[in-house]
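Structure first, commentary second.
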Amino acid sequence: MYQFISYLSFLTSGLGVFFIFFLGFRFYRIPKTFWLISVIFAFVYIEFYTYALISKHILQMLFLFRSANIVRALLPIHLFFYVRSMLHPSRPIKPIQYLHYLFPIIVTLGVLPDLLLSADEKTHILQMFY
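Using the working numbering, the first residue of the sequence shown is number 39, and each one after it goes up by one.
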């Protein structure tokens, strides 16, 4: 059962990559498309992270270790900017609204010690997880 979930996550992330390329090539002249691409990329990254975690392939891809937390923190902000740009296309983004990125910066600083661990330490933590 768990193998099916991991391969489904892998296929979903692959389809997401193709959809990102389609949006990028087809609608590259529309600036709002890039907010949508960033939201879809976050979902694709989380799906690929799920695949790597469930299938234990994360042991060969240690660069993924805890990196999904940063993407999860960025997802709501990019979704907010995308929806806001669709609902209010004539209003520009005010500089004060970029304070939304303060939370992902804090999350990145919190995850940074885990990201900077050596490969042996990451492998040890992951093997204790399994």
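Each residue gets a CB set at the ideal place from its N, CA and C atoms; glycine is no exception.
| In its own chain, which residues sit with a C-beta less than 8 Å from the C-beta of Leu-97, not counting the 5 before and 5 after it? | Thr-161, Leu-164, Gln-165
| Between which two residues does the alpha helix (DSSP H) containing Pro-133 stretch? | No alpha helix (DSSP H) holds Pro-133; DSSP gives it neither H nor E.
| Does DSSP put Met-124 in a helix, in a strand, or in coil? | helix
| Closest by CA to Ile-115, which one among Arg-104, Tyr-136, Asn-107? | Tyr-136
| field | Own chain, CB closer than 8 Å to Ile-58, minus 5 neighbours either side, in chain order | value | Ile-75, Ile-78, Phe-79, Val-82
| In whole angstroms, what separates the C-alpha of Pro-133 from that of Tyr-139? | For Pro-133 and Tyr-139, the gap between their C-alpha atoms comes out near 11 Å.
| query | How many Å lie between Arg-104 and Tyr-89 at the Cα? | reply | 14 Å
| Buried or exposed (CB count within 10 angstroms, at least 16 for buried), Phe-47 | For the record, residue 47 in the displayed sequence is Ser; it is not Phe. Classification of Ser-47: buried, given that the 10 Å Cβ count is 16 or more.
| query | Between Phe-119 and the rest of its own chain, which residues show a CB-CB distance below 6 Å, the 5 nearest in sequence each way excluded? | reply | Trp-73
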